[in-house]
Amino acid sequence: MPMVLVAEASVVVLAFFSALVGSMLGVGGGFIFVPVSVGIMGFRPFAAVPASLSLILSNAFSATLTRIMKKAFNLRPNLWLVLPASGLSILGALTSARLEAPVFKIIFGTFLISSSLLLLRTRGIQEQDYPGGFVGRKLAIVVAAGFISSLLGVGGGLLMVPGFILLSKMSSREAVAVSQFLTGFTSATGLATYLIQGSFFPSLYVSAFAGGLLGGFVGSSIQIGLSEKQLKMAIASGFSAIGLWMLLSALL
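As structure tokens, this is what we get:
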């Protein structure tokens, strides 16, 4: 029993740290939680991914609520993106359930490094807000992110944040806020699909949810004070480092 409590406490701490960093960058936190839980703690992807989606769900809720309370996010113009973002998350969950750990790590690592390169391409773009433009591009981004979110357990923000900045010409702050809001819906849909398939580990999910709830509040509060340059460089560095580690761990 004490070992079980230690394991659950470790999940809470990992989820808190993952959500704190994720909410600062609008990416949920799965990019930290999944590699550590699979590569170090020894969880299989079939358990680690839905646990990650659980923390992303609570992270998105607390972070979005914090931004709304501090008048740092306008919810209404982005409600239409919820349905397309959630749709393909079901297919992603069904696909992930059939992946073995090495294949999972290779896909995840490649995706993280690719996202880093995409984000670095936005460094020279002048930041502006386009409240209603680029509808088709936004739609394509959130549909792809919905699939990736449940496939990799990362909430979709890894694609949405750089995609919104580069393709939809959003400011970094708007991209982070919109991405964080949408990850709540993509993660909820993906988590429900895993539960239907029999991936049911309640203590793991509750621990991840609790850590994500607190981490989302703390991280989003810090993020509001970060500069554009700090946001971009932090996420690019983090994506690259973790992606490289996942690739090496799968090949060695």
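Residues 29 to 280, numbered by the numbering used here, are exactly what the sequence shown covers, in order.
Built from N, CA and C at the ideal position, the CB exists for glycine as well.
C-beta contact flag for residue i and residue j at 8 Å
{"i": "Phe245", "j": "Ala79", "result": "no"}
{"i": "Gly266", "j": "Leu42", "result": "no"}
{"i": "Gly247", "j": "Ser65", "result": "no"}
{"i": "Phe136", "j": "Met261", "result": "no"}
{"i": "Gly243", "j": "Ala47", "result": "yes"}
{"i": "Ser144", "j": "Ser277", "result": "no"}
{"i": "Ser215", "j": "Gly56", "result": "yes"}
{"i": "Lys166", "j": "Leu109", "result": "yes"}
{"i": "Leu259", "j": "Ser199", "result": "no"}
{"i": "Val170", "j": "Leu140", "result": "no"}
{"i": "Gln208", "j": "Ala100", "result": "no"}
{"i": "Val39", "j": "Ala220", "result": "no"}
{"i": "Gly212", "j": "Thr92", "result": "yes"}
{"i": "Ala75", "j": "Ser227", "result": "yes"}
{"i": "Val62", "j": "Val77", "result": "yes"}
{"i": "Lys98", "j": "Ile252", "result": "yes"}
Reference residue i; option with closest CA among the options
{"i": "Leu279", "options": "Leu109, Ala236 and Gly67", "result": "Gly67"}
{"i": "Phe59", "options": "Ser248, Val206, Lys133 and Gln225", "result": "Lys133"}
{"i": "Phe44", "options": "Leu103, Ile224, Phe136 and Ile84", "result": "Ile84"}
{"i": "Leu146", "options": "Arg72, Leu195, Leu81 and Met69", "result": "Leu195"}
{"i": "Ile263", "options": "Ser90, Leu210 and Met188", "result": "Met188"}
{"i": "Ser82", "options": "Ser207, Leu223, Lys257 and Phe101", "result": "Leu223"}
{"i": "Leu254", "options": "Gly54, Gln225, Arg104 and Asn102", "result": "Gly54"}
{"i": "Ile270", "options": "Ser142, Ala75 and Arg95", "result": "Ser142"}
{"i": "Ser86", "options": "Ser249, Val206, Lys257 and Leu241", "result": "Leu241"}
{"i": "Asn102", "options": "Phe192, Ser231 and Ala205", "result": "Ala205"}
{"i": "Pro105", "options": "Ser90, Ala203, Ala173 and Thr138", "result": "Ala203"}
{"i": "Glu256", "options": "Ile96, Gln225, Pro190 and Gly164", "result": "Pro190"}
{"i": "Leu148", "options": "Leu186, Val131 and Ala173", "result": "Leu186"}
{"i": "Ser249", "options": "Ser231, Arg72, Ile96 and Pro73", "result": "Ile96"}
{"i": "Lys197", "options": "Val131, Thr138, Gly164 and Gln225", "result": "Gly164"}
Segment limits, alpha helix (DSSP H) that includes residue i
{"i": "Val55", "result": "Element bounds for Val55: n/a, residue is neither H nor E."}
Within-8 Å CB hit, residue i to chain D
{"i": "Leu280", "result": "The chain inventory of the structure shown lacks chain D, comprising one protein chain alone."}
Item to check | Ordered list of alpha helix (DSSP H) runs contained in the stretch 191-268, each at least 4 residues | outcome: Runs of the alpha helix (DSSP H) lying entirely within the stretch 191-268, each at least 4 residues long, are 200-224 and 230-251 in chain order.
Next on the checklist: If we require 4 or more residues per run, which alpha helix (DSSP H) segments fall completely within the stretch 43-106?
Outcome noted: Counting whole runs of 4 or more residues, the stretch 43-106 contains the alpha helix (DSSP H) stretches 58-67 and 73-97.
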